[in-house]
Structures are given as structure tokens and as C-alpha cells.
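Peer 1:
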Amino acid sequence: MNHRRHLIAGLGVASLYAFGLPASAEAPATAARPGRRMPNVELKTHTGAKVNFYDDLVRGKIVAINMMYADCEGICPLMTNNLLRVQERLASRVGRDIFMYSITIRPEIDTVEHLADYAEMHSVNPGWLFLTGSRSNIDLVRFALGFYDPDPKVDKEINRHTGMVRIGNDVYDRWSMAPALAAPEQIVAAILHVDRSPAAVRRAGGAILQADPRSTV
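Residue numbers for the sequence shown follow the working numbering, beginning at 71 and rising by one.
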């Protein structure tokens with residue numbers, strides 16, 4: 071077993087403590103790191119486009135992914151509004167090198183049109199896609215991302231799979247999780263933490279030097 075890969079598998083739960091929250095029922099029971107074997111199943115965006123999950127949405131990208139459903143009257147609208155603030159803070163990077171995806175957990179009800187209405191109602195900007203598809207394809211993606219419970223009875227409680235954001239950088243295979251209702255600045259920090267692009271490394275180095283002029287990078 072690759073010890074480093076095994077160690078990083080716990081990052082999903084560990085990230086909860088970084089946000090000052092317990093690893094409780096709000097998180098998926100299995101928060102393992104997705105890794106590179108993402109399903110390449112077909113989904114549909116709220117704009118009506120057909121996409122292959124890995125090839126079109128994840129490959130080579132930094133992503134932030136959550137589960138939701140349009141008729142949710144509890145946490146989902148709060149999550150969407152909070153993630154809108156995240157999108158605003160990331161500005162032009164969303165849709166360019168950072169991509170946001172919200173996947174319905176009720177694909178039988180959340181059609182393309184239904185999700186399009188939801189996105190319009192919440193004034194979602196380009197770069198953030200809402201996704202639906204067949205039940206089997208949605209479940210393959212959901213399980214691959216760690217949004218599931220090993221107990222089948224618990225897993226059927228769809229509200230248990232909302233509330234978290236899976237954050238990853240496919241190029242460097244870096245993955246984490248963040249509570250969807252954390253402060254937008256904290257979610258942005260979690261997203262930027264997986265960014266290992268040269269520009270991001272330079273920015274991080276500059277921040278270190280500003281904090282301590284004696285530091286060397």
C-alpha cells in the first residue's frame with residue numbers, strides 16, 4: 071500500500087477539524103479521497119449540454135463539488151447562497167481554472183429545466199454548473215466523491231449527503247472537504263490550498279515573505 075495515499079485518504083474528515091467543526095453526521099460517513107479513478111459517466115448540465123463527468127468536468131481542473139436538490143427547503147438554499155459568495159470571491163477564476171459543480175441527489179425530479187430554473191432563481195454566474203443524469207450515473211459519481219454512507223438504510227436519507235463540498239485538484243491528485251456553510255473565506259482558502267499552479271506557489275511564497283521578511287522560499 072502506498073502509505074502517502076493512505077494517509078491523505080483521511081483529509082476529508084481532517085478538514086472538518088480545520089474549520090472548527092466535529093466530524094459528525096453532517097459529513098459523509100466515508101470521506102475517503104476520490105483519487106484518479108473517477109467515473110466518466112454521462113451527465114447533463116442545467117444549460118442542456120451532455121458531458122462526461124471525468125473527461126469534461128474534472129480532468130486537469132480544480133473543482134468544488136456539492137450535492138443538493140432543487141426542492142430542498144432546508145440546508146440547500148443556504149448552501150447555494152453561501153457558495154454564491156464563494157463564487158464572488160473567486161471572481162474570474164470560476165469557469166477559467168476553478169470550476170464549481172452542484173449535483174442533484176434527486177435526478178428523477180431535477181430535470182435540466184428544473185435545475186436551470188433553480189440556477190436562475192439564485193443568480194448563479196457562469197462557471198458553476200448544476201448537474202443531473204440517470205440515477206445509476208449520479209450514484210456512481212456520488213460514491214466516487216465520498217458522498218455516501220456504508221449503511222444502506224442511512225444512505226437512503228438524502229439529506230445526509232448534502233452539507234459538504236468536495237474540493238480537489240485533479241492534476242496533483244489533491245483532495246479535501248469543507249462544510250458548505252463555513253465562512254466563504256474559509257471555503258475559498260480550502261480551494262486555494264489544493265492549487266499547486268506556479269502562480270499559486272508564487273503567491274503563497276510572497277505571503278510567507280510578507281509575514282516574515284527573514285523567511286526563505
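Built from N, CA and C at the ideal position, the CB exists for glycine as well.
Pro249: buried (16+ other C-beta within 10 angstroms of its C-beta) or exposed?
Peer 2: What you label residue 249 is simply residue 179 of the sequence shown in a count that begins at 1. Looking at its Cβ environment, which holds 16 or more other Cβ atoms inside 10 Å, Pro249 is buried.
Peer 1: Assign Leu113 to one of three DSSP states: helix, strand, or coil.
Peer 2: Locating residue 113 in the sequence shown gives position 43, counting from the first residue. Strand, per DSSP.
Peer 1: Compare the C-alpha of Ile135 against each of Asn229, Asp265, Val211, Glu227 and name the closest.
Peer 2: By one-based count along the sequence shown, residue 135 stands at place 65. Answer by Cα proximity: Val211.
Peer 1: For Val133, count neighbouring Cβ atoms within 10 angstroms of its own Cβ and tell me buried if that reaches 16, exposed if not.
Peer 2: Counting from 1 along the sequence shown, the entry for residue 133 is found at position 63. Classification for Val133: buried.
Peer 1: Rank Asn110, Pro109, Lys114 by C-alpha distance to the C-alpha of Leu199 and give the top, closest one.
Peer 2: Position 129 of the sequence shown, counted from the first residue, corresponds to residue 199. Looking at the Cα atoms, Lys114 is the closest of the given residues.
Peer 1: At which residue ranges does the stretch 182–236 contain complete alpha helix (DSSP H) runs of 4 or more residues, listed in the order of the chain?
Peer 2: Counting whole runs of 4 or more residues, the stretch 182–236 contains the alpha helix (DSSP H) stretches 182–191, 205–215, 222–225.
Peer 1: Considering only the alpha carbon of each residue, which of Ile179, Leu251, Leu148, Ile261 lies closest to Ile17?
Peer 2: Because residue 17 is not part of the residues shown, which for the chain are 71 to 287, the question remains open.
Peer 1: If we call anything under 8 Å between Cβ atoms a contact, is His184 one with Ala140?
Peer 2: To locate residue 184, count along the sequence shown from 1; it is residue 114. To locate residue 140, count along the sequence shown from 1; it is residue 70. Against a cut-off of 8 Å, the Cβ pair of Ala140 and His184 comes out as a contact.
Peer 1: Find the nearest neighbour of Leu201 within the set Val224, Arg176, Asp225, judged by alpha-carbon distance.
Peer 2: As a working mapping, residue 201 is identified with position 131 in the sequence shown. Cα-wise, what sits closest to Leu201 is Arg176.
Peer 1: Inspect the beta-carbon positions of Ser246 and Ile257 and report whether they are closer than 8 Å.
Peer 2: Counting from one through the sequence shown, the residue named residue 246 turns up at place 176. Counting from one through the sequence shown, the residue named residue 257 turns up at place 187. The answer is no: Cβ separation not under 8 Å.
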